Each structure stands twice: as structure tokens, then as C-alpha cells.
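**Student:** Below is a structure I'd like to ask you about.
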Amino acid sequence: MPKSAPALACRPRAARRPAVNRQLTSPSGWLPSARRPLPAAVALLPAAHRQLPAAVALAAATWLAVSQPAALERQAVAQFSSGVQAVEVYASVTDARGEPVTGLTADAFEVLEDGEPQRISAFAAGEFPLSVALAVDRSASMAGPRLEQAIAAGRSFVGALRPADRLMLVAISSRVEVVAPLSDDRHAALRALEGLRPWSTTALHDAIVESIRLVQPGSGRRALVLLSDGVDRYSEATAAEAITRARQSDVMVYPIALGRQPSTLFPQLARLTGGRSFQVTDPGKLESTLQAVARDLRYQYLLGYAPARPPEAGNAPDWRSIEVRVRGRDLRVRARDGYYAGERPARGANEEGLKHGAFELTVDEARPEVSRDGIQELEVSMAEVETGRYTVGVFKDVPSAERGIEALKRQGFPSEALSLLAKDSPDARALLKKVFGRPTGKV
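Take 78 as the starting number for the sequence shown in the numbering used here and just add one per residue.
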């Protein structure tokens, strides 16, 4: 059976401002005021914060992340970053019973990078807005009570989310389908959930890779909650590739294995990303398990620091381990295990960065006739650049690029709003002409 093309995306609608109780401190003593506009350099974080002192940049980024969800729709600020002077790490703290621990201060934490203590230069604690992908295995192996219980538990999980949280529903079978795009529309998510029917086999590894890719650009804290029997039967991606993608992202993974067959992949994904792994042998306990995940996601700590050993310009990115501890208390801290230090190529490659025969597709959303709301189902993976243009994706060949262009056309994008860059290929103009029937668009 042929695989589906990777989903494309536009940014979702702005989230509502949540009413939450937060704690925010900066040892540097500098905090932006909510009563005055941010300086331009701060408003452009993280792209511009390389020119700011690290502590100032982190304080600004953290303040924006927890206080201005609407601003995050334009630029995801408090994201795990590398290649810059600031590193931000989300952490969950639980007690011996697995219950979240709240009320800790910055002084309670210790952060080590490659075993060396780091000075925490920004700190926030509270209920951060969430962007969550709920991926449900609806393959034939889930037919019957198992899928019914997964749907019921999913309803409970959706109900536990706060108004400002956003949810995406992903259906897993032999292909990965986004059946409800990332948004705060709970009714759409519930309708899609109720509509799940068992079908085909399981592309589990592909679902992990694609779900992380789609939820990664979301604002606030990002997470993937995965419900499956834990057996992959149809993926192009390997388990190792799924692990690599998870480590490179800032998405906590909460895998829930249904049934008695243990999964070696699920505990690794949880440990490396700061999530939790569950084995549920009784379908009746799935709902309480998802409630535990919702509680775990609800309260987070955000720690920021400037690495004592900054990356050297021009060097290839190197992996650096991170360990977060709570001083003097028998508490469990979960955080991602590290990051790549050093510059990464920006999303939206130029011609020199493309492989032979590949295409890069961008859209110009500065045009008033182009509606973001009209392409919600294309899912979130677009990168904003300074000119107001958005990179939709890089496609490896003509058929995949054609599918991307056709998807945008179906959602109302005029050809004049599209640009297609080709590497060593004369097919860019021909593709635009083929889809739109006339030689328009930009190449």
C-alpha cells in the first residue's frame, strides 16, 4: 500500500491567554515590564537574542513564553535551543508516589552540562500553555475493547486540558493521518476521536517521527502522548531514527503500551525526552493513566542557563548531556538528556543547501487574500523568515513537490503566493504550470 505524503502546515490561530499562577525570577535582576512594549531585539527572540547578554536574553525569552501566548504564535520563544548562547530546559518533578511537586524555587535546582555545574540565569515555574499531539493506534490489532477504551481515555484526556492548551489528534495505521489539526477546538478533536475505526497495519516509527515534527513548532510546552500496542509493522523509519528525532526535538514523549508485550523503544523515548512510559495490561486502567499524564504535563519548571563552555564558531554541532537535580531531597526530576551545541542550518535551505533534484517550497503570507485559517488541516511545520515568507517544506523529488503544491492550491493559495526553488533541475517552473495550468508563481 503506498505511503501518504508528509503533511504540510501553516501556523495555527493564536491561543487564548490562560489565567495561571506563575513564578518568574531572573538572577540578573532585569525583567521586561508588561506595561511597555518589548524592545525590537527582544521581540525577535530567539533570532536576535544572540546579540544580547545571555541572562537578559533568557529572562526575556522566559517572560514571553509564560506570559504572552499570543506573541508565541509569531515566534516560538522558549524553545529548547542550540547554536546560541542560551539553553532552556523544561523539567518535571515528582515525589515517591509519582505526584507532581510544585513550589520549588531556582535555588532548589542544580543543572549539569557534560557533568559540569551551570549557573541558572533564568527560571519559571507554573502551568505553561501546552501543544500536545495525541497519537492513537487504530490499526487492526487494536480492534475491539482496546480501541474503545483508547477512545474513552482520549475523551477524558481532552477534557483535562486547559482552555489555552492546543491539541492535535493523529491516527496511526499503515499511514499517519492528522485527523484533527493543532488547535484549541475541543469539539473538533472529540469528533475526530469518536470517528476512529480500526484499519490496516501499524506504521509506529513513522508516526513518532511525524508527530514530533508536527507538534515541535507549537508554542509553550510540547508533548507527544502515544497510545499503541507497541509493535511496528509498516514503517519506513527505524526505531533508531525515531529515537534520534526525539532527541533532536524539544518534545516530551509519553508512550503508553497497551497489552502485555513489552516495548524496548517506549522507555527509551520517555527517558531521553523527559516524559514517562507506561505499560497498561488492563484496558480499564487506561483512563487513569492518561489522567496521570495530564497531571504530569500541568506543572513544569523552566530552567535557563548560558553554557560555561560556549560552542565554538565554525565547528560542527556536538552533543552535550544535561542533568537536572533537586538539591537535598528525594525527588525524581525528568528532563531531556541533552542537546546539540553549535549552529544548525536554518529551516528553509537555500539552493546550495538542497540535495540534487530536491525542491524547496515557500509561500508569501503577507498577501491579504491568503488566509491562514483556511489551511488548518495542513498541520504545523512552517518556519517564518524576516521577509514575511514561510518555508513549507523541502521535497526530495518531483512527485512529492507536486503533492505539496497541490495541497496548497486546494486550500486556496494563489500561484502568485508560491515560490519553488529547485536544485540542478529545470522542473520548478514546469511543476507550477502543471498544477495551476499557467506559467505563474516564482521560481
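Positions of the beta carbon are idealized from the N, C-alpha and C atoms, including for glycine. Nothing here was measured: the structure is a model prediction, and the numbers come from that model.
Please report the straight-line C-alpha distance between A383 and G192, rounded to a whole angstrom.
**Tutor:** To locate residue 383, count along the sequence shown from 1; it is residue 306. To locate residue 192, count along the sequence shown from 1; it is residue 115. Each residue's Cα considered, the two are about 15 Å apart.
**Student:** With a 10 Å radius around its C-beta and 16 neighbouring C-beta atoms as the bar for buried, classify A478 as buried or exposed.
**Tutor:** The sequence position of residue 478 within the sequence shown is 401, counting from 1. Counting Cβ neighbours within 10 Å, A478 comes out buried, since at least 16 surround it.
**Student:** With DSSP run on the structure shown, which of helix, strand or coil describes F343?
**Tutor:** In the sequence shown, counting from the first residue as 1, residue 343 sits at position 266. DSSP places F343 in helix when its eight states are reduced to three.
**Student:** Taking all protein chains shown into account, decide if H264 is buried (16 or more other Cβ within 10 angstroms of its Cβ) or exposed.
**Tutor:** On the sequence shown, position 187 is the one that residue 264 refers to. The residue in question, H264, is exposed, as its Cβ has fewer than 16 Cβ neighbours within 10 Å.
**Student:** What separation, rounded to the nearest whole angstrom, lies between the Cα atoms of S496 and V188?
**Tutor:** By one-based count along the sequence shown, residue 496 stands at place 419. By one-based count along the sequence shown, residue 188 stands at place 111. For S496 and V188, the distance between alpha carbons rounds to 44 Å.
**Student:** Quick one: residues in its chain with C-beta nearer than 8 Å to the C-beta of L508, no 5 flanking neighbours on either side, listed in chain order?
**Tutor:** To locate residue 508, count along the sequence shown from 1; it is residue 431. Taken in chain order, the residues that qualify are F436, V475, A478, E479, I482 and L497.
**Student:** Starting from V302, follow the alpha helix (DSSP H) in both directions and report where the run begins and ends.
**Tutor:** On the sequence shown, position 225 is the one that residue 302 refers to. No alpha helix (DSSP H) holds V302; the beta strand (DSSP E) holding it covers R298 to S305.
**Student:** Whole beta strand (DSSP E) runs in the region 194-240 with 3 or more residues, listed along the chain?
**Tutor:** Counting only runs of 3 or more, we get 197-203 and 207-214.
**Student:** Run through the region 316-390 for me and flag every whole alpha helix (DSSP H) of 4 or more residues, listed as ranges in chain order.
**Tutor:** Segments of the alpha helix (DSSP H) lying fully in the region 316-390: 316-325, 342-350 and 363-375.
**Student:** Taking the C-alpha atoms as reference points, what is the distance between V253 and E176?
**Tutor:** Here residue 253 corresponds to residue number 176 of the sequence shown, with the count starting at 1. Here residue 176 corresponds to residue number 99 of the sequence shown, with the count starting at 1. For V253 and E176, the distance between alpha carbons rounds to 33 Å.
**Student:** Please name the residue, chosen from L363, D262, G307 and S312, that lies closest to S340 on a Cα-to-Cα basis.
**Tutor:** Walking along the sequence shown from the start, residue 340 turns up at place 263. For the residues L363, D262, G307 and S312, the minimum Cα distance to S340 belongs to G307.
**Student:** Are I320 and Q345 touching if we call contact CB-CB under 7 Å?
**Tutor:** Taking the sequence shown and counting its residues from 1, the one referred to as residue 320 is at position 243. Taking the sequence shown and counting its residues from 1, the one referred to as residue 345 is at position 268. Yes; because the gap between Cβ atoms is below 7 Å, this pair is in contact.
**Student:** Relative to the C-alpha of E225, which candidate in K362, D395 and A385 has its C-alpha closest?
**Tutor:** As a first step, residue 225 is located in the sequence shown; it is residue number 148 there, counting from the start. Nearest option by C-alpha distance: K362.
**Student:** Just reading off the beta strand (DSSP E) that D474 is part of, what are its end residues?
**Tutor:** On the sequence shown, position 397 is the one that residue 474 refers to. Segment: none, D474 is in no beta strand (DSSP E) and carries neither H nor E.
**Student:** D283 by DSSP, collapsed to three states: which one?
**Tutor:** For the purposes of this step, residue 283 is identified with residue 206 of the sequence shown, where counting begins at 1. Helix, per DSSP.
**Student:** Which partner residues of D407 appear in the DSSP bridge assignment?
**Tutor:** In the sequence shown, the residue the question calls residue 407 occupies position 330. Answer is none; D407 lacks a bridge partner.
**Student:** Using the beta-carbon count (16 or more within 10 Å), is T366 buried or exposed?
**Tutor:** Along the sequence shown, one-based indexing puts residue 366 at 289. The residue is buried, with at least 16 neighbouring Cβ atoms inside 10 Å.
**Student:** Helix, strand or coil for D395, going by three-state DSSP, please let me know.
**Tutor:** The residue you call residue 395 lines up with position 318 of the sequence shown. In the structure shown, D395 sits in a strand (DSSP, three-state: E or B).
**Student:** Helix, strand or coil, according to DSSP, for R263 in the structure here?
**Tutor:** Sequence index remark: in the sequence shown, residue 263 carries index 186 (1-based). R263 falls in the helix class under three-state DSSP.
**Student:** Along the chain, where does the beta strand (DSSP E) containing V308 start, and where does it finish?
**Tutor:** Numbered from 1 along the sequence shown, position 231 holds the residue referred to as residue 308. Segment: none, V308 is in no beta strand (DSSP E) and carries neither H nor E.
**Student:** Tell me the rounded alpha-carbon separation between P240 and E389.
**Tutor:** Taking the first residue of the sequence shown as position 1, residue 240 is located at position 163. Taking the first residue of the sequence shown as position 1, residue 389 is located at position 312. C-alpha separation (whole angstroms): 42 Å.
**Student:** When the Cα atoms are used, what is the spatial distance from E373 to K511?
**Tutor:** Within the sequence shown, the letter at position 296 stands for residue 373. Within the sequence shown, the letter at position 434 stands for residue 511. Here residue 373 is Asp; the residue named in the question, Glu, does not match the sequence. Taking the straight line joining both Cα atoms gives about 50 Å.
**Student:** Assign V178 to one of three DSSP states: helix, strand, or coil.
**Tutor:** Your numbering for residue 178 matches position 101 in the sequence shown. If DSSP states are grouped into helix, strand and coil, V178 belongs with coil.
**Student:** So, with DSSP's three-state summary, where would you put G415?
**Tutor:** For the purposes of this step, residue 415 is identified with residue 338 of the sequence shown, where counting begins at 1. Residue state, collapsed to three classes: strand.
**Student:** How many whole angstroms separate the CB atoms of S169 and Q356, which I take to be in contact at a CB cut-off of 8 Å?
**Tutor:** As a working mapping, residue 169 is identified with position 92 in the sequence shown. As a working mapping, residue 356 is identified with position 279 in the sequence shown. The pair is not a contact, with the Cβ atoms about 19 Å apart (cut-off 8 Å).
**Student:** Is I249 near A212, with beta carbons less than 7 Å apart?
**Tutor:** Walking along the sequence shown from the start, residue 249 turns up at place 172. Walking along the sequence shown from the start, residue 212 turns up at place 135. Closer than 7 Å, so yes.
**Student:** Determine which residues share a DSSP beta bridge with R243 and list them.
**Tutor:** Against the sequence shown, residue 243 aligns to sequence position 166. R243 is bridged to S208.
**Student:** Would you kindly report the start and end of the unbroken beta strand (DSSP E) that includes T171?
**Tutor:** Position 94 of the sequence shown, counted from the start, is the residue given in the question as residue 171. Unbroken beta strand (DSSP E) run through T171: V164 to T171.
**Student:** Taking 7 Å as the threshold (C-beta atoms), are L246 and A220 in contact?
**Tutor:** Position 143 of the sequence shown, counting from 1, holds the residue named residue 220. Position 169 of the sequence shown, counting from 1, holds the residue named residue 246. Not closer than 7 Å, so no.
**Student:** So, for Y331: in the same chain, excluding its five sequence neighbours on each side, which residues have a beta-carbon less than 6 Å away from its beta-carbon?
**Tutor:** Here the question's residue 331 lines up with position 254 in the sequence shown. Excluding positions up to five away in sequence, the list reads V302, G352, R353 and V370.
**Student:** Can you name the start and end residues of the beta strand (DSSP E) that L189 belongs to?
**Tutor:** Position 112 of the sequence shown, counting from 1, holds the residue named residue 189. Here the beta strand (DSSP E) through L189 covers F186 to E190.
**Student:** Comparing C-alpha positions only, which one of A185, I228 and A266 sits nearest to V209?
**Tutor:** Along the sequence shown, one-based indexing puts residue 209 at 132. With distances taken between Cα atoms, V209 lies closest to A266.
**Student:** Would you mind stating whether A185 and I197 have Cβ atoms separated by less than 7 Å?
**Tutor:** Translated into the one-based positions of the sequence shown, residue 185 becomes position 108. Translated into the one-based positions of the sequence shown, residue 197 becomes position 120. Going by C-beta atoms, A185 is not nearer than 7 Å to I197.
**Student:** In whole angstroms, give me the CA-to-CA distance for L379 and D283.
**Tutor:** Walking along the sequence shown from the start, residue 379 turns up at place 302. Walking along the sequence shown from the start, residue 283 turns up at place 206. Each residue's alpha carbon lies about 30 Å from the other.
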